[in-house]
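Asker:
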Amino acid sequence: MTQDCFFCGGTSGELHKVSTFSIDSNIRKYALQVQDTVLLAKLSAGDMISQEAMYHKNCYLNLFNKARPQKIVDENGENQIHGIVLAELVSYVKDSRMNKGVAAVFRLTDLMAMYSNRLEQFGLDMNKRPNSTHVKDRILAAIPDLQAHKQGREIESPLFNFWSLTLKFEIAILVFIRSLREGNFQLYKESISLLIPWFFALDHPNYARWLPVHLRDMVMLHDNAPEVEKEFQNGKFVAKKSHNRFSSIALDQAHDQNNKLVKEDGGAIGLTENMTQLQRWMVSGPEVARVINEFESAQEQIKKDQSKGPDIRHYEQINHNVWDSEFKFIRKLFALPFLPEKQIPFTFNTLKQTVSSDRQQELINYIERTWISADFCKLYTAWQ
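In the working numbering, the protein residues as written are 1 to 384.
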């Protein structure tokens with residue numbers, strides 16, 4: 001094993017052993033780029049691992065720095081060729097649209113085939129296929145009035161087009177809901193712009209007429225009301241009724257929820273016909289809702305505190321699932337006297353099979369002992 005550097009031949013300093021084939025391949029590539037004949041002659045003897053070659057890090061770095069400018073020059077040359085070919089492709093698309101009397105349709109696969117063939121004619125290595133999405137975006141940027149059909153099947157299949165439009169509509173709605181839940185004002189404006197065309201298409205004239213006005217007002221807040229726009233950017237255009245994430249709601253929805261607390265059991269009927277009462281309700285409504293919410297929060301805290309000691313709540317407030325089954329069982333037992341005489345034994349036997357607790361079994365035993373074993377006809381006649 002040689003104890004000198006493979007590059008400079010020096011023995012001083014820390015030497016590193018070549019242990020991977022990637023280092024060997026990189027050194028060969030860099031040596032070819034800079035045409036280092038001395039280094040190429042050493043490499044012709046075999047791979048560096050079999051030669052047990054050693055090297056200085058600085059020597060390896062110097063070779064890399066020499067090869068990097070050449071790599072940049074090569075990449076710049078390739079970029080220029082790509083730009084020339086793209087310009088030719090854009091020119092072809094424009095000429096084709098002008099020569100045809102109807103709207104021209106270009107398949108992306110055909111355009112990419114032309115693009116790749118032209119690159120090969122310039123002598124570029126086509127082992128790496130060009131990115132079709134990147135080429136498509138650059139063509140659309142060069143021809144603004146050219147529209148992209150992301151799914152070719154939308155043209156060929158009306159059914160596919162229908163479900164594709166449905167999916168886009170649902171995604172637009174979900175984006176709008178997300179903007180509210182997260183309090184993202186920028187996403188809120190973008191989602192509104194996505195929804196506006198749908199209101200025209202689905203024939204909702206009021207939304208179609210006023211939603212663009214609302215969007216314009218929101219966009220112009222930066223100039224007309226910068227302080228309001230700043231608060232909206234901080235999420236103040238929505239309301240949070242809890243500290244949970246993704247739980248914000250629209251202000252009008254929060255307002256409706258507050259109104260519901262006040263209007264329960266007809267509490268707000270006739271208010272719109274009396275201006276004085278309406279104004280009083282508008283002022284006091286949110287305050288009443290706040291008091292109710294505070295009371296409910298206090299009750300929740302009481303429930304938590306009671307879990308540490310005796311529970312003073314009513315029995316219907318606890319273990320409701322258990323008590324529901326008990327109540328249903330008892331109601332069925334109490335209904336026995338009101339059933340037709342022939343149905344009583346069958347119903348009672350059915351209830352006996354559904355017993356799920358000791359309390360129910362005790363009740364069944366008591367009824368069977370004091371009543372079921374007696375004469376049904378006499379008892380039934382007495383109840384009548």
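The beta carbon of each residue, even a glycine, is placed where N, CA and C say it ideally should be.
Predicted model, so just to flag it, every value in this text is computed and none were measured.
#1: As an exercise, report each continuous alpha helix (DSSP H) stretch of at least 4 residues that is fully enclosed by the segment 122–189, in chain order.
#2: Is it buried or exposed, Ala-366, if we count other Cβ atoms within 10 angstroms and call 16 or more buried?
#3: Based on DSSP bridge pairs, tell me the residues matched to Tyr-55.
#4: Are at least three pairs of beta-carbons, each pair with one atom in the segment 8–28 and one in the segment 39–51, less than 8 Å apart?
#5: With distance defined between alpha-carbon atoms, name the residue in Thr-109, Phe-162, Arg-331 and Gln-80 nearest to Leu-363.
#6: Quick check on the burial criterion: 16 or more other C-beta atoms within 10 angstroms. Buried or exposed for Ala-31?
#7: Sorted by chain position, which residues of the same chain lie with C-beta nearer than 8 Å to Leu-119's C-beta, five sequence neighbours on each side aside?
#8: In the DSSP output, which residue or residues are listed as bridge partners for Ile-249?
#9: Label Phe-237 either buried or exposed according to how many other C-beta atoms from any shown protein chain fall within 10 Å of its C-beta, with 16 as the threshold for buried.
#10: Candidates Phe-185, Met-114 and Asn-62: which alpha carbon is nearest Asp-36's?
#11: Verify whether the separation of the beta carbon atoms of Ile-139 and Val-93 is less than 8 Å.
#12: From this set, Tyr-115, Phe-162 and His-214, which residue's C-alpha is nearest His-134's C-alpha?
#13: Please name the residue or residues paired with Cys-5 in a DSSP beta bridge.
#14: For Arg-181, which residues from the same chain have a beta carbon less than 6 Å from its beta carbon, with the 5 sequence-adjacent residues on both sides left out?
#15: Is the Cβ-Cβ distance between Gly-385 and Gly-235 less than 8 Å?
#16: Rounded to whole angstroms, what's the CA-CA distance from Met-112 to Gln-121? Just pull it up for me.
#17: Is it right to say Met-220 is buried, meaning 16 or more other beta carbons lie within 10 angstroms of its own, or is it exposed?
#18: Among the candidates Gln-33, His-204, Asp-4 and Asp-24, whose CA atom is the shortest distance from the CA of Tyr-55?
#19: Hey, out of Asn-117, Ala-239 and Leu-146, whose CA is closest to Ser-96's CA?
#20: Is Leu-89 buried or exposed, if buried means 16 or more other CB atoms sit within 10 Å of its CB?
#21: Is Ile-72 helix, strand or coil by DSSP?
#22: Can you name the start and end residues of the alpha helix (DSSP H) that Thr-350 belongs to?
Answerer: Checking against the coordinates, here is how it stands:
#1: Listed in chain order, they are 132–142, 153–156 and 158–182.
#2: The sequence as given places Tyr at residue 366; Ala does not occur at that position. Tyr-366 should be labelled exposed.
#3: His-16
#4: yes
#5: Arg-331
#6: buried
#7: Counting only Cβ-Cβ distances below 8 Å, and skipping sequence neighbours, we find Ile-81, His-82, Val-85, Met-126 and Pro-130.
#8: Ala-239
#9: buried
#10: Asn-62
#11: yes
#12: Tyr-115
#13: For Cys-5, which the question treats as bridged, DSSP gives the partners Met-54.
#14: Phe-246 and Ser-248
#15: Given a span of 1 to 384 for the chain in the structure shown, any question on residue 385 remains unanswerable.
#16: 14 Å
#17: Burial call: exposed.
#18: Asp-4
#19: Leu-146
#20: With 16 or more other Cβ atoms from the protein chains shown falling within 10 Å of its own Cβ, Leu-89 counts as buried.
#21: A caution first: Ile-72 carries a pLDDT of 47, below 50, which makes its placement in the model unreliable, though a value can still be read off. Note: Ile-72 maps to helix in three-state DSSP.
#22: 343–353
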